[in-house]
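Heads up, the thing below is written out as structure tokens.
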């Protein structure tokens, strides 16, 4: 009889992860990515509100809100983590690449052709980039995320990316802006949430974002033509203020680092499928997200691919090197460049 009473208690104790048994009660806030997109709704939100409390046996509780619900535009997130105003956040690195060129090193226009290749390059860059963030910006790198391929939406008809000449194009990050400028367009920096009305009113003629992201944000209500050419991929990172991170108990740090590795893998797996889904949803379907939008697909041509490669070699890499400086360029050559067999001279 004694055994039957004690056995369930033993089983319950064994069910608690060993790392969590002596873990202190810990509470903190996280600022998530774009609130109506799947990286947040399908991955980040359940990770922080369900998976982390479960993995820590209730010892860790997290308040998470996407930056789009908190009044942020995006570019300030990196700075606010650096200063300690925010404890932890997920942000698209290109948002801050004008101030910190190193943030765009793994996701320059034309550099990679798929989500899987992006993950390989970002992984090769991880040790160097992590050290850079800690020593230069007081930030702890805890993992990556990404959106699907960033493609081109336009209000008016175009048949190739060369037709962007003379058009006002929303571009996120220094690399995309240099690309638009190379094509003869006028790059404009506009927060994601403000793009749809800007397209509708004609403030911009075209805009670049994720294939599925633009569909969910209803860009297709104003933009009627879309190119499937990957411009960049929207590499993001899970960042923590280093001083705050160093103040956490070691058991909390270990659990978060372990679990965030799993989050990274699941986000990249999701992103790998969402480019095709986004193009289908924006055009004629099938669309698991809702009604197909009926946009006109502008087929990718060999001339488009050649122009993107020309832009990378003639403008994107030299401009990145100029923004980043000699030491940064050498670091890029030894990490990202080495992984791709590319070198900035």
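In the numbering used here, the protein residues as written are 3 to 347.
Think of the CB as a built atom: it goes at the ideal place given N, C-alpha and C, for glycine as much as any other residue.
Item to check | Burial state of residue 196, where buried means 16 or more other Cβ atoms lie within 10 Å | outcome: exposed
Item to check | Same chain only: Cβ atoms within 6 Å of residue 279, ignoring 5 sequence neighbours per side | outcome: 214
Checklist entry - Roughly how many whole angstroms lie between the Cα atoms of residue 127 and residue 338? => result Rounded to whole angstroms, residue 127 and residue 338 show a C-alpha spacing of 6 Å.
Checklist entry - According to DSSP, is residue 47 helix, strand or coil? => result helix
Checklist entry - Roughly how many angstroms lie between the CA atoms of residue 306 and residue 179, to the nearest whole one? => result 17 Å
Item to check | Under the three-state DSSP convention, the category residue 165 falls into | outcome: helix
Checklist entry - For residue 302, which of 153, 273 and 321 has the nearest alpha-carbon? => result 153
Checklist entry - Does the separation of the CB atoms of residue 198 and residue 164 fall below 8 Å? => result no
Next on the checklist: Going by the DSSP bridge assignment, what does residue 29 pair with across the sheet?
Outcome noted: Answer is 63, bridged to residue 29.
Checklist entry - Going by C-alpha distance, which of 324, 59, 341 and 120 is nearest residue 266? => result 120
Checklist entry - residue 188 bridges to which residues according to DSSP? => result 170
Next on the checklist: Taking contact to mean 3 or more Cβ pairs, one atom from each stretch, closer than 8 Å, check whether the region 91 to 108 and the region 166 to 179 are in contact.
Outcome noted: yes
Next on the checklist: Classify residue 150: buried if its beta carbon has 16 or more other beta carbons within 10 angstroms, exposed otherwise.
Outcome noted: Classification for residue 150: buried.
Checklist entry - Do the CB positions of residue 187 and residue 203 come within less than 8 Å of each other? => result no
Next on the checklist: Going by DSSP in three states, residue 134 sits in which element: helix, strand or coil?
Outcome noted: helix
Checklist entry - Which term fits residue 10, buried or exposed, when burial requires 16 or more other beta carbons within 10 angstroms of its beta carbon? => result Its pLDDT being 46, under 50, residue 10 is placed unreliably by the model, and the measurement read from it follows with that caveat. Looking at its Cβ environment, which holds fewer than 16 other Cβ atoms inside 10 Å, residue 10 is exposed.
Next on the checklist: Does residue 34 come out as helix, strand or coil in the three-state DSSP assignment?
Outcome noted: strand
Checklist entry - Exposed or buried, residue 229, counting other C-beta atoms within 10 Å across all chains shown (16 or more means buried)? => result buried
Next on the checklist: Are the CB atoms of residue 242 and residue 89 within a distance shorter than 8 Å?
Outcome noted: yes
Next on the checklist: Restricting to runs no shorter than 4 residues, where is the alpha helix (DSSP H) found entirely within the region 214 to 282?
Outcome noted: 244 to 248
Checklist entry - Quick one: what does DSSP say residue 198 is sitting in, helix, strand or coil? => result In this structure, residue 198 counts as helix in the three-state DSSP scheme.
Item to check | residue 288 (DSSP reduced to helix, strand or coil) | outcome: In this structure, residue 288 counts as coil in the three-state DSSP scheme.
Next on the checklist: On the DSSP letters alone, give me the boundaries of the beta strand (DSSP E) that residue 54 sits inside.
Outcome noted: Annotation for residue 54: no beta strand (DSSP E) segment contains it, though the alpha helix (DSSP H) segment containing it runs 54 to 57.
Next on the checklist: What does the alpha-carbon distance come out to for the pair residue 142 and residue 291?
Outcome noted: 35 Å
Checklist entry - What does a CB cutoff of less than 8 Å around residue 314 pick up in its chain, not counting 5 residues either side in sequence? => result The beta carbon of residue 314 sits closer than 8 Å to those of 110, 111, 112 and 113, all from its chain and outside the five residues before and after it, given in chain order.
Item to check | C-beta contact flag for residue 235 and residue 92 at 8 Å | outcome: In terms of Cβ geometry, residue 235 and residue 92 do not form a close pair [threshold 8 Å].
Next on the checklist: Between which two residues does the beta strand (DSSP E) holding residue 346 run?
Outcome noted: Neither: residue 346 is in no beta strand (DSSP E) and is coded neither H nor E.
Item to check | DSSP three-state assignment for residue 317, whether helix, strand or coil | outcome: helix
Checklist entry - In chain order, what residues of the same chain lie with their CB nearer than 6 Å to the CB of residue 285, ignoring the 5 residues before and after it? => result 297 and 299
Checklist entry - Distance, Cα to Cα, residue 87 vs residue 192? => result 24 Å
Next on the checklist: Among the candidates 239, 237, 200 and 240, whose CA atom is the shortest distance from the CA of residue 222?
Outcome noted: 200
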